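A.B. asks: Residue numbers (this note's numbering): 2 to 585. Built from N, CA and C at the ideal position, the CB exists for glycine as well. Predicted model only: the values in this text are computed from it and were never measured. Take this structure first; my questions come after.
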Amino acid sequence: MSINIKLPLLRVRKRTSSALSSNMSKVPRTTTTYEPLRKANKIEEETVGLPIPTDDDDDAHFESLYDVKERHAASAWENMRCQLRNACIESLVMDDQPCMECSSEAEMWCQRCGSRAFYCKECWFHCHSKRNIFHTPVWKDDSCWRPVEIGGIKINVLVPHPCESKEEIIIRCLDEDGIEHNVHFMTCKCEPLAISLVRAHLWPASPTNPRYAFCFNLLDWGEALLLECQVSIKGLCEALYYKCPYIVKKRRDVYKCLIDAFEEYRYMKEQLRHLTFLNAQFDEGNVCPACPKAEGNVIISMDALFGLPRKKSSGKSHSEPLSGNRFFCSQNEVDLYVAQNSQTIIEANDCSSFMAGNPMRSASRFHALDETGVLGCACRHEIPLMFLNLKHGERLVYPSFIIEKILHHYPSDVHVTMMYDVACTLQKFLMKKWEVYDSRLSLAIPVFHAYGHKTECQLKFAPIRTNNIGLSDGEVMERLWSFLRRFSRITKEMKPFHRIDVLSSALSYYSYKKRANLYINTMKRLKRAIDGKIKAEQSLSALCTSGNLIDSDIIRMVEESNTIQVQISSNLPRTFFPKLYHIN
Numbered sequence: 002m003s004i005n006i007k008l009p010l011l012r013v014r015k016r017t018s019s020a021l022s023s024n025m026s027k028v029p030r031t032t033t034t035y036e037p038l039r040k041a042n043k044i045e046e047e048t049v050g051l052p053i054p055t056d057d058d059d060d061a062h063f064e065s066l067y068d069v070k071e072r073h074a075a076s077a078w079e080n081m082r083c084q085l086r087n088a089c090i091e092s093l094v095m096d097d098q099p100c101m102e103c104s105s106e107a108e109m110w111c112q113r114c115g116s117r118a119f120y121c122k123e124c125w126f127h128c129h130s131k132r133n134i135f136h137t138p139v140w141k142d143d144s145c146w147r148p149v150e151i152g153g154i155k156i157n158v159l160v161p162h163p164c165e166s167k168e169e170i171i172i173r174c175l176d177e178d179g180i181e182h183n184v185h186f187m188t189c190k191c192e193p194l195a196i197s198l199v200r201a202h203l204w205p206a207s208p209t210n211p212r213y214a215f216c217f218n219l220l221d222w223g224e225a226l227l228l229e230c231q232v233s234i235k236g237l238c239e240a241l242y243y244k245c246p247y248i249v250k251k252r253r254d255v256y257k258c259l260i261d262a263f264e265e266y267r268y269m270k271e272q273l274r275h276l277t278f279l280n281a282q283f284d285e286g287n288v289c290p291a292c293p294k295a296e297g298n299v300i301i302s303m304d305a306l307f308g309l310p311r312k313k314s315s316g317k318s319h320s321e322p323l324s325g326n327r328f329f330c331s332q333n334e335v336d337l338y339v340a341q342n343s344q345t346i347i348e349a350n351d352c353s354s355f356m357a358g359n360p361m362r363s364a365s366r367f368h369a370l371d372e373t374g375v376l377g378c379a380c381r382h383e384i385p386l387m388f389l390n391l392k393h394g395e396r397l398v399y400p401s402f403i404i405e406k407i408l409h410h411y412p413s414d415v416h417v418t419m420m421y422d423v424a425c426t427l428q429k430f431l432m433k434k435w436e437v438y439d440s441r442l443s444l445a446i447p448v449f450h451a452y453g454h455k456t457e458c459q460l461k462f463a464p465i466r467t468n469n470i471g472l473s474d475g476e477v478m479e480r481l482w483s484f485l486r487r488f489s490r491i492t493k494e495m496k497p498f499h500r501i502d503v504l505s506s507a508l509s510y511y512s513y514k515k516r517a518n519l520y521i522n523t524m525k526r527l528k529r530a531i532d533g534k535i536k537a538e539q540s541l542s543a544l545c546t547s548g549n550l551i552d553s554d555i556i557r558m559v560e561e562s563n564t565i566q567v568q569i570s571s572n573l574p575r576t577f578f579p580k581l582y583h584i585n
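So this is what it looks like as structure tokens:
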């Protein structure tokens, strides 16, 4: 039974000094401020100057504090709009400004150096010849400022050494503002040109003999927008065209140059983050620091997401994924396993109508797709562990593959509890496939899916009735899918291995955020578990006292109740509940 409690809305009043004085006389003489008075003073400070209804006003309008603050903020913005616009226009008006270096008449304005950074021509070249070389100034032209492209940028990152092959070449560079620059770059035959460009924090568009490069800052912004906002490379290029000043001449289409270079740059950044090239024992974001590595129970949730398909018309890859098998299993290995175990068939399941695990329903639903979705698993701390691409529906052979890989990964003294939507059907599949069922494996059904199963399954696989999993709900994959499915718009048109690289980067980014907050989240869950345990012990103690019972009596009563529920559910005809539903 739910109880609805209606609280009165806050009525904001302007307090007078006499009212505050009368309240202050009632405050206890302690070092702690009286809480109701503190709140009243805060309300008064935040609502000073606002029209307040009085008791004599019959049409007085009652507002919450949030509504008052929002109305006050909207009114303040409305009063300032014209002034803000005029201030912006005045800052762009041509006026006589001296050079900030030599005090002569300014001819150039560098907005990236500062809002009032004016230079004469000689001082601008002197200040930007060796630093801030990609700053683009605006030029004083009659009564307005016009963007101008400054050539003659020179970069020399060569280590001094005797070499007769030194030469100066022109590299076209794209900065983070979307503006191209002609850079006179010093190079020699002692090292590849691409290596020399990276030393200058310029990423080459091609590995051999590049003539186009991108600033690191531009690629860093592209990576951040991809992982957090799911902006594609095409979208990034269009945004650069929009941001680029109209006066700058039309540049080449950088999309084709950027698409492969951006993937290589992201892979380089991933290597620097995880340092696995220095020590192979370092993890790549796919290992949970809180899960037991030996002598414990690992709780893992597994689920499939069909919101990440890939079309057959998207082409094929000509190289292996840069991310390797960091998160995604080898597709050749998965396909071979599916082909070898596709003959394992179990009896029809009357437990529920879930699509998962039903080969008949998933056989012909995805004829236009090359990959129909993703199946993966994550630990109870929401750290992504292992994933694979689905070529069909959610057949039981796919979760069977992941379970065998997980059991092979952990040592023999680690027990694995796998939570899956149709764990009851999966257990029958594994018992028929394996000659001996692995005792290290326990199966359970996530809490929100358990109620869709019949009574026997709920009593056997529900999380609350499964040992050694505590308060784990098994729904961590649903929270992961809510983040990962946002990449569907850009990954469905990608090549196979390009798609794997993008999804692996997304999983690594998700893992990074979860690991960063692991301590805080663990402490919150521990506090919630302790509070729940205390309340349960109090309720159990009260029940034992009122009924003159002991713990063994309660356990026996629960077991008898479970047996009766199973018997009743098994003996009822399949049409009982539909008929019961229509009874008046």
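Counting pairs of beta carbons, one from the region 299–315 and one from the region 389–402, are three or more of them closer than 8 Å?
C.D. replies: Verdict: yes, contact present.
A.B. asks: Over the uninterrupted alpha helix (DSSP H) stretch that includes Pro-208, give me the two end residues.
C.D. replies: Pro-208 -> no alpha helix (DSSP H), and no H or E assigned at all.
A.B. asks: In angstroms with no decimal places, state the Cα-to-Cα distance between Leu-66 and His-73.
C.D. replies: Using only the alpha carbons, I get a separation of about 11 Å.
A.B. asks: Going by beta-carbon coordinates alone, are Ile-300 and Arg-381 separated by less than 8 Å?
C.D. replies: Yes, the Cβ-Cβ distance between Ile-300 and Arg-381 is below 8 Å.
A.B. asks: Do you know how far the Cα of Asp-371 is from the Cα of Ser-505?
C.D. replies: Near 19 Å, if we compare the C-alpha coordinates of Asp-371 and Ser-505.
A.B. asks: Please confirm if the region 412–425 is in contact with the region 442–453, defined as three or more CB-CB distances below 8 Å between the two stretches.
C.D. replies: In short, these stretches touch, since the Cβ pair count reaches three.
A.B. asks: With H, G and I counted as helix, E and B as strand and the rest as coil, what does DSSP make of Asp-176?
C.D. replies: Reduced to three states, the DSSP call for Asp-176 is coil.
A.B. asks: Hey, would you say Ala-214 sits closer than 8 Å to Pro-208, going by beta carbons?
C.D. replies: No, these two residues do not count as a Cβ contact at 8 Å.
A.B. asks: How would you call Thr-546, buried or exposed, if buried means at least 16 neighbouring beta carbons within 10 angstroms?
C.D. replies: The residue is exposed, with fewer than 16 neighbouring Cβ atoms inside 10 Å.
A.B. asks: Compare the C-alpha of Leu-219 against each of Cys-238, Cys-230, Glu-229, Asn-210 and name the closest.
C.D. replies: Among Cys-238, Cys-230, Glu-229, Asn-210, the Cα nearest to that of Leu-219 is on Cys-238.
A.B. asks: Give the list of continuous alpha helix (DSSP H) stretches no shorter than 4 residues that lie fully inside the region 216–302.
C.D. replies: The region 216–302 contains these whole alpha helix (DSSP H) runs: 217–230, 234–244, 256–275.
A.B. asks: Just mark Glu-168 as buried or exposed, buried being the case when its beta carbon has 16 or more other beta carbons within 10 Å.
C.D. replies: Result: exposed.
A.B. asks: For Leu-309, which option in Ile-491, Lys-70, Tyr-513 has the closest C-alpha, if you only look at C-alpha atoms?
C.D. replies: Leu-309 has its Cα closest to that of Ile-491, out of Ile-491, Lys-70, Tyr-513.
A.B. asks: For Cys-292, collect the residues of the same chain with a Cβ closer than 6 Å to its Cβ; drop the 5 residues on either side in sequence, then sort them by chain order.
C.D. replies: The residues are Val-299, Cys-380.
A.B. asks: Is the beta carbon of Arg-466 less than 8 Å from the beta carbon of Leu-460?
C.D. replies: Yes, Cβ-Cβ distance for Arg-466 and Leu-460 is below 8 Å.
A.B. asks: Do Glu-285 and His-1 have their beta-carbon atoms positioned less than 8 Å apart in this structure?
C.D. replies: Outside the shown range of the chain (2 to 585) lies residue 1, about which nothing can therefore be said.
A.B. asks: Near Thr-34, which residues of its chain fall below 7 Å by C-beta distance, leaving aside the five closest residues on each side in sequence?
C.D. replies: Only weak support is given to the placement of Thr-34: the predicted model assigns it a pLDDT of 44, under 50, and the value that follows is read from those uncertain coordinates. Around Thr-34: no qualifying Cβ.
A.B. asks: Rounded C-beta distance between Lys-270 and Glu-224? I'm assuming under 8 Å.
C.D. replies: Confirmed, Cβ separation roughly 7 Å.
A.B. asks: Helix, strand or coil: how does DSSP classify Trp-329 here?
C.D. replies: According to the sequence displayed, residue 329 carries Phe and not Trp. In the structure shown, Phe-329 sits in a strand (DSSP, three-state: E or B).
A.B. asks: For Leu-444, which of helix, strand or coil comes out of DSSP?
C.D. replies: Leu-444: strand per DSSP, three-state reduction.
A.B. asks: Label Pro-1 either buried or exposed according to how many other C-beta atoms from any shown protein chain fall within 10 Å of its C-beta, with 16 as the threshold for buried.
C.D. replies: What the structure shows of the chain is the stretch from 2 to 585, and residue 1 is not part of that stretch, so it cannot be assessed.
A.B. asks: Would you tell me roughly how many angstroms separate the C-alpha atoms of Arg-132 and Phe-126, rounded to the nearest one?
C.D. replies: Cα to Cα, the separation comes out at about 10 Å.
A.B. asks: Compute the distance between the beta-carbons of Tyr-511 and Pro-385, then report whether it is under 8 Å.
C.D. replies: Yes. Within cutoff.
A.B. asks: What ranges does the alpha helix (DSSP H) occupy inside the region 367–430, keeping only unbroken runs of at least 4 residues that lie completely in it?
C.D. replies: The region 367–430 contains these whole alpha helix (DSSP H) runs: 398–410.
A.B. asks: With respect to the alpha helix (DSSP H) encompassing Thr-546, which residues constitute its N-terminal and C-terminal limits?
C.D. replies: Note, Thr-546: alpha helix (DSSP H), 519–548.
A.B. asks: Which residue's Cα is closest to the Cα of Glu-494: Ser-233, Ala-75, Asp-178, Asn-157?
C.D. replies: The shortest Cα separation from Glu-494 among Ser-233, Ala-75, Asp-178, Asn-157 belongs to Ser-233.
A.B. asks: Let me check one thing: in DSSP terms, what residues is Ile-170 bridge-paired to?
C.D. replies: Answer is Phe-186.
A.B. asks: Put Asp-97 into one of helix, strand or coil per three-state DSSP.
C.D. replies: Reduced to three states, the DSSP call for Asp-97 is coil.
A.B. asks: What is the DSSP secondary structure of Arg-311, reduced to helix, strand or coil?
C.D. replies: Strand, per DSSP.
A.B. asks: Any beta carbon of chain D sitting closer than 8 Å to that of Cys-103?
C.D. replies: No chain D appears in this structure, which consists of one protein chain only.
A.B. asks: Taking the continuous alpha helix (DSSP H) assigned at Cys-191, which residues delimit it?
C.D. replies: From DSSP, Cys-191 is part of no alpha helix (DSSP H); its letter is neither H nor E.
A.B. asks: Quick check on this structure: which residue in Glu-177, Cys-100, Ile-170 has the alpha carbon closest to the alpha carbon of Thr-137?
C.D. replies: Closest by alpha carbon: Glu-177.
A.B. asks: With DSSP as the reference, label Asp-304 as helix, strand or coil.
C.D. replies: Strand, per DSSP.
A.B. asks: Glu-321 and Phe-498 look like a contact to me (Cβ under 8 Å); what is the Cβ gap, rounded to whole Å?
C.D. replies: Sure, about 6 Å apart at Cβ, within 8 Å.
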